[in-house]
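J.: First the structure, which I've put down as C-alpha cells, then a few questions once you've had a look.
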Amino acid sequence: MRNIVLKRGSVAVYDDGAPFLAELGELSLCFTLPDPNGDYFAVTGKKKYAIGKDGHVSIPVEPGELCLAVKRYIGGRLVESYAVEPLEIKSVDGNVTAFPEISVLQKQVVELTAELKTQREENAKEVEKVRQEMKREIRTLVAAFLSFAWAEYEYDVQLNAKNLTAEKFAAMLGYSVTDEEMEKIKGFGGKV
C-alpha cells in the first residue's frame, strides 16, 4: 500500500518514489484527506472508486499509464479536485509493477545531470589539452618567424643600422621569447 497526502494547489505524490508491485492487479492506496467532510472518489478516466472515510481505496490496474485524480463531493456537487502523480504500470515477470512517473523523471534528471557534469569535465580537459597544443604551435611559428626576421635583419646593412641584439630585436617587434627559443633564433641567423 502506498500513502498519498492530498494538498490543495499541488500534485499529490506517492510517499515512496520507488517502483512497487500492484498485487493481483489491484493498486492499494491510502489517502490523507485534507477535510473529513464530503465524499471522496479516486477517478481514472470514466471510472470512479469510492475512497473510505479512512482514506483507503483499491483500484484495478493493467499495463499502461494510470492517470488518477481525487474528487471531493459535498451533497452530490464537485467542490474540489486533486491531481495525483501519474503511474506507469508495467507487467514484469508476470507481476504488475507501478512506477511513479515524477519520481522516475526526477531520478533520470539526477542521472543525466551527473552525466552532463562528467561530460563537461572531460570536454574541459580536452579543450585545455588542445589549447596547450595550439599555444606550443604558435610559439613554434613565432620562433620560426623571428629566426627568419633576425637572419634578414642581421645580414642586411640597411636594416641593421641600429645594431640591435637578437633579444632587443625580438622586443622591438613585440615578442617575448624564452632563452631556448632565443638560442634557436640566433643559431638560425648565423647560418644564413
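Sequential numbering of the sequence shown, starting at 0, is according to numbering that gives the first Met the number 0.
All residues carry an ideal CB built from backbone N, CA and C; glycine is no exception.
Being a predicted model, the structure only gives us computed values, none of them experimental.
Could you give the distance in angstroms between the alpha-carbon of histidine 55 and the alpha-carbon of lysine 47?
T.: Cα to Cα, histidine 55 sits roughly 14 Å from lysine 47.
J.: Out of curiosity, what's the CA-to-CA distance linking leucine 67 and threonine 117?
T.: Cα to Cα, the separation comes out at about 37 Å.
J.: Just how far apart, CA to CA, sit threonine 164 and leucine 111?
T.: Taking the straight line joining both Cα atoms gives about 59 Å.
J.: To the nearest angstrom, how far is the alpha carbon of glutamine 105 from that of aspartate 38?
T.: Straight-line Cα distance between these residues: approximately 33 Å.
J.: For valine 129, does the three-state DSSP call read helix, strand or coil?
T.: DSSP places valine 129 in helix when its eight states are reduced to three.
J.: Using the Cβ count rule (16 or more neighbours within 10 Å means buried), how would you classify serine 146?
T.: With 16 or more other Cβ atoms within 10 Å, it is buried.
J.: Where does glycine 186 fall in DSSP's three states?
T.: Looking at glycine 186 - three-state DSSP - the assignment turns out to be helix.
J.: Taking only the alpha-carbon atoms, compute the straight-line gap between glutamate 179 and threonine 139 and give it to the nearest angstrom.
T.: C-alpha separation (whole angstroms): 12 Å.
J.: What does the alpha-carbon distance come out to for the pair glutamine 131 and alanine 148?
T.: Straight-line Cα distance between these residues: approximately 25 Å.
J.: According to the neighbour-count rule (16 or more other Cβ atoms, all chains shown, within 10 Å of its Cβ), is valine 83 buried or exposed?
T.: Per the 10 Å Cβ criterion, buried.
J.: Could you give the DSSP three-state label for asparagine 162: helix, strand or coil?
T.: In the structure shown, asparagine 162 sits in coil (DSSP, three-state: anything other than H, G, I, E or B).
J.: Quick test of your reading: leucine 5 and valine 69, contact by CB under 8 Å. State the CB separation rounded to the nearest angstrom.
T.: Between valine 69 and leucine 5 the Cβ distance is about 6 Å, and since that is below 8 Å, they are a contact.
J.: Quick check on this structure: which residue in Ala41, Gly51, Ser27 has the alpha carbon closest to the alpha carbon of proline 35?
T.: Looking at the Cα atoms, Gly51 is the closest of the given residues.
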